[in-house]
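Sequence order for the protein chains is F and C. With numbering that gives the first Met the number 0, the residue at position 158 of the first sequence is 157, and numbering never jumps. With numbering that gives the first Met the number 0, the residue at position 120 of the second sequence is 119, and numbering never jumps. Ideal Cβ placement from N, Cα and C applies to all residues, glycine included. Step one of this worksheet: look at the structure below.
Protein chains: 2
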Amino acid sequence: MKLYDLPLSGNCHKIRLFLSILNIPYEKIAVDFQDEAKKAAFSQINPRAQVPVLDDSGTVIWDSMAILVYLARQYGGETWLPSEAKPLANVMQWLALSENEILYGLARSRAINLFKRPWDLAQCQEMGSLALRVVEERLSEHPWLANDRISIADIACYPYVALAPEGGLPLDDYPHIRQWCARIQALPGFVGMPGLPETVST
Amino acid sequence: MKLYDLPLSGNCHKIRLFLSILNIPYEKIAVDFQDEAKKAAFSQINPRAQVPVLDDSGTVIWDSMAILVYLARQYGGETWLPSEAKPLANVMQWLALSENEILYGLARSRAINLFKRPWDLAQCQEMGSLALRVVEERLSEHPWLANDRISIADIACYPYVALAPEGGLPLDDYPHIRQWCARIQALPGFVGMPGLPETVST
Numbered sequence: 000m001k002l003y004d005l006p007l008s009g010n011c012h013k014i015r016l017f018l019s020i021l022n023i024p025y026e027k028i029a030v031d032f033q034d035e036a037k038k039a040a041f042s043q044i045n046p047r048a049q050v051p052v053l054d055d056s057g058t059v060i061w062d063s064m065a066i067l068v069y070l071a072r073q074y075g076g077e078t079w080l081p082s083e084a085k086p087l088a089n090v091m092q093w094l095a096l097s098e099n100e101i102l103y104g105l106a107r108s109r110a111i112n113l114f115k116r117p118w119d120l121a122q123c124q125e126m127g128s129l130a131l132r133v134v135e136e137r138l139s140e141h142p143w144l145a146n147d148r149i150s151i152a153d154i155a156c157y158p159y160v161a162l163a164p165e166g167g168l169p170l171d172d173y174p175h176i177r178q179w180c181a182r183i184q185a186l187p188g189f190v191g192m193p194g195l196p197e198t199v200s201t
Numbered sequence: 000m001k002l003y004d005l006p007l008s009g010n011c012h013k014i015r016l017f018l019s020i021l022n023i024p025y026e027k028i029a030v031d032f033q034d035e036a037k038k039a040a041f042s043q044i045n046p047r048a049q050v051p052v053l054d055d056s057g058t059v060i061w062d063s064m065a066i067l068v069y070l071a072r073q074y075g076g077e078t079w080l081p082s083e084a085k086p087l088a089n090v091m092q093w094l095a096l097s098e099n100e101i102l103y104g105l106a107r108s109r110a111i112n113l114f115k116r117p118w119d120l121a122q123c124q125e126m127g128s129l130a131l132r133v134v135e136e137r138l139s140e141h142p143w144l145a146n147d148r149i150s151i152a153d154i155a156c157y158p159y160v161a162l163a164p165e166g167g168l169p170l171d172d173y174p175h176i177r178q179w180c181a182r183i184q185a186l187p188g189f190v191g192m193p194g195l196p197e198t199v200s201t
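Here's what the structure looks like:
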């Protein structure tokens with residue numbers, strides 16, 4: 000199994016984390032977006048020209064959400080992605096948050112700060128704050144985001160929520176988020192990335 | 000079944016269209032976001048304070064993507080949402096596009112033009128153009144977005160792609176998109192909305 004990857008990408012980290020938790024060996028392929036020829040070649044693999052992309056013996060899936068769904072169904076089982084309509088939709092709600100307020104709020108705020116991307120920081124932080132409030136409210140009454148058990152919903156939301164301080168949104172006022180991060184960071188197979196704990200934290 | 004709805008929302012239209020194709024009767028509830036008290040009350044139903052929200056006899060699902068997944072699994076069958084990992088992930092890829100480049104590119108460009116929303120039009124149009132190119136490329140070789148058969152991927156992507164001209168992105172240079180729109184508009188149960196055909200188009 001191959002993962003087209005960038006070390007500082009939270010979207011890639013979702014996949015690295017889930018593969019590690021599932022104990023699936025894989026090869027990381029770093030994509031060089033600075034090289035126009037290599038970027039064009041990569042666009043043949045993913046027309047959106049983004050990482051992550053997974054290649055599982057020729058089954059190529061782009062987008063972190065789609066990859067999490069693929070891995071959960073193929074290798075993870077019901078715990079990570081239920082089959083039935085209602086619990087499945089409950090997971091999907093949080094995958095949707097991960098691709099909306101979390102990505103366009105929290106991840107963009109971080110990308111503005113770290114990588115000087117040309118978006119409006121105040122707009123992104125406002126959207127990111129909404130994401131944090133919605134996640135905190137849910138976690139104040141439940142241990143996990145969907146169905147009261149861990150699922151790919153938690154994996155999908157974790158990296159950019161935990162990295163929110165890098166976008167200027169500290170987590171001090173979100174105690175349930177910090178406890179949830181600690182629960183994820185204590186999972187067997189947890190791996191960190193720059194900006195996140197590299198080892199188990201409590 | 001109840002749908003919390005706004006007539007001009009393409010995200011709501013995904014659900015209205017799919018419910019109509021599945022021939023499921025439902026009640027539309029218009030949400031008044033101008034009234035702060037009503038908006039606050041609605042936030043109790045959906046913490047993101049957005050439409051659409053579906054209430055199926057007490058099962059409440061927010062987010063258009065999650066609702067499409069719920070309806071497909073509960074009422075639509077394998078055609079609309081496959082169970083197996085690979086075809087399921089293929090659908091998910093396009094759901095991801097619908098929640099990313101299509102929503103933050105095409106839908107935002109339209110919302111800037113129609114509703115004077117405060118985003119950067121050039122940035123949104125650039126992202127929207129990428130969405131159109133990716134969809135056109137796929138449809139130049141396949142009749143539908145995922146797995147060579149119709150699925151909720153097509154329903155999720157259709158409204159804001161078809162409404163792209165309202166965001167200043169005409170579809171003249173995208174012949175395969177226009178043919179795909181015509182195929183969707185010819186489906187039994189197709190319903191339109193302002194900006195889209197109200198009746199069958201070829």
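Under DSSP, residue 61 of chain F shares a beta bridge with F/52.
Under the DSSP definition of a beta bridge, residue 29 of chain F partners with F/4. Within the stretch 5 to 30 of chain F, no residue places its CB atom closer than 8 Å to a CB of chain C. The residue among F/127, F/179, F/152 with its C-alpha nearest the C-alpha of residue 165 of chain F is F/127.
Between the alpha carbons of residue 68 of chain F and residue 74 of chain F lies a gap of roughly 10 Å. In this model, residue 86 of chain F and residue 35 of chain F are separated by some 43 Å (Cα to Cα). Two segments are said to touch when three or more pairs of C-beta atoms, one from each, lie closer than 8 Å; by this definition the stretch 106 to 123 of chain C touches the stretch 165 to 183 of chain C. Pairing residue 160 of chain F with residue 50 of chain C, the inter-Cα distance amounts to about 24 Å.
Listed in chain order, the beta strand (DSSP E) runs fully inside the stretch 120 to 161 of chain C amount to none, counting runs of at least 3 residues. Non-local beta-carbon contacts of residue 180 of chain F in its own chain, meaning distances under 6 Å to residues more than five positions away in sequence, involve 161 in chain order. Excluding the 5 residues flanking it on each side, residue 11 of chain C has same chain C-beta neighbours closer than 8 Å at 2, 4, 5, 50, 51, 63, in chain order. Closer than 8 Å at the C-beta level to chain F, one finds these residues of the stretch 97 to 115 of chain C: 98, 99, 100, 102, 103. Shown here, residue 80 of chain C sits in coil according to DSSP, grouped into three states, outside any helix or strand. Exclusion of the five residues before and after residue 26 of chain F leaves 0, 1, 2 as the residues of its chain whose Cβ lies within less than 8 Å of its Cβ. Nearest to residue 142 of chain C by alpha-carbon distance, out of C/169, C/182, C/58, is C/182.
In the three-state reduction of the DSSP assignment, residue 16 of chain F falls in the helix class, which pools H, G and I. Closest by C-alpha distance to residue 90 of chain C, out of C/102, C/71, C/105, C/100, is C/71. At a cut-off of 8 Å between C-beta atoms, residue 62 of chain C counts as an interface residue with respect to chain F.
Straight-line measurement puts the Cα of residue 131 of chain F at about 12 Å from the Cα of residue 123 of chain F.
DSSP, reduced to helix, strand and coil, places residue 46 of chain F outside both helices and strands of the structure shown, so it counts as coil. The Cβ atoms of residue 150 of chain F and residue 78 of chain F sit closer than 8 Å to each other. Cβ atoms of residue 154 of chain F and residue 21 of chain F stay farther apart than 8 Å, at about 10 Å. Contact note: residue 136 of chain F reaches chain C through 46, using a C-beta cutoff of 8 Å and chain order. For residue 140 of chain C and residue 175 of chain C, the gap between their C-alpha atoms comes out near 9 Å. The DSSP assignment places no complete run of the beta strand (DSSP E) inside the stretch 161 to 192 of chain F (cut-off: 3 residues). Close to residue 87 of chain F, with beta-carbon spacing below 7 Å, are these residues of chain C in chain order: 68, 72.
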